[in-house]
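Below is one structure; the comments refer to it alone.
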Amino acid sequence: MKYIVSTISAVFLTMFLAGAAPGAEQPVKRVVAVIDADGVQRVEMQAGGYFFDPGHITVKKDVPVELVVKREAGMTPHDIELKAPEAGIDFSVDITTEPKVIKFTPTKAGTYEFTCEKRFLFFKSHKDRGMHGVLVVVE
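Numbering (the numbering used here), first residue to last: 40 to 178.
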């Protein structure tokens with residue numbers, strides 16, 4: 040009997056850590072970055088539960104950007120990745136509950152997708168579960 044309870048507990052724990060439990064759909068929050076007095080565009084972002092908040096960020100071209108990213112409490116690991124070196128944007132950062140600052144200066148207008156590339160075993164990737172967003176760079 041102990042073996043069965045232990046096995047069932049292990050399966051549920053694995054499903055929880057892998058994110059197999061269904062999550063609530065989050066509305067996409069849109070933010071337009073404001074240039075601070077020091078000339079930097081700053082945006083605070085939270086990650087977790089297979090979402091980025093905000094999930095749609097607009098910034099100006101050729102103006103430095105600082106994304107301050109942290110994840111909500113929990114055991115599921117997350118990261119944020121945006122690969123657009125042709126636009127001066129290229130980062131891949133593990134997200135923790137402590138804020139991390141990601142700095143870049145976009146050099147080309149366009150729309151660029153950021154994602155969480157984490158995945159557990161054969162389950163859907165976090166990106167496939169809805170953990171992605173867009174960075175829009177405007178003139």
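Note that the Cβ used here is the ideal one computed from N, Cα and C, for glycine as well.
Three-state secondary structure (DSSP) at residue i?
i: Glu125; result: helix
i: His165; result: coil
i: Arg69; result: strand
i: Val175; result: strand
i: Val79; result: coil
i: Glu156; result: coil
i: Ala86; result: strand
How big is the Cα-Cα spacing for residue i and residue j?
i: Glu105; j: Asp77; result: 12 angstroms
i: Phe159; j: Phe130; result: 22 angstroms
i: Phe91; j: Glu111; result: 10 angstroms
i: Cys155; j: His171; result: 6 angstroms
i: Val102; j: Pro124; result: 16 angstroms
i: Val67; j: Val140; result: 22 angstroms
i: Pro116; j: Val98; result: 27 angstroms
i: Ile134; j: Ala148; result: 26 angstroms
i: Pro61; j: Asp167; result: Note that Pro61 has pLDDT 42, beneath the 50 cutoff, so the model's placement of it is unreliable and no number is given.
Report buried or exposed for residue i, applying the criterion of at least 16 other Cβ atoms within 10 angstroms of its Cβ.
i: Ala86; result: buried
i: Gly94; result: buried
i: Val73; result: exposed
i: Met114; result: exposed
i: Val177; result: exposed
i: Arg69; result: exposed
Could you name the residues of the same chain whose beta carbon sits closer than 6 angstroms to that of residue i, not counting the 5 residues immediately before and after it, in chain order?
i: Ser164; result: Arg158
i: Val107; result: Glu83, Pro138, Val140
i: Val71; result: Thr97
i: Thr144; result: Pro103, Gly127
Output needed for residue i: all residues of its chain with C-beta closer than 8 angstroms, excluding positions within five of it in sequence on either side, in chain order.
i: Thr146; result: Lys100, Asp101, Ala126, Gly127
i: Ala63; result: Because Ala63 carries a pLDDT of 47, less than 50, the predicted location of this residue cannot be relied on, and no value is offered for it.
i: Phe153; result: Phe91, Ile119, Glu120, Leu121, His171, Gly172, Val173, Leu174
Worksheet item: What are the complete beta strand (DSSP E) segments, minimum 3 residues, inside the stretch 89–146?
Response: 90–92, 95–99, 104–110, 117–123, 128–134, 139–143
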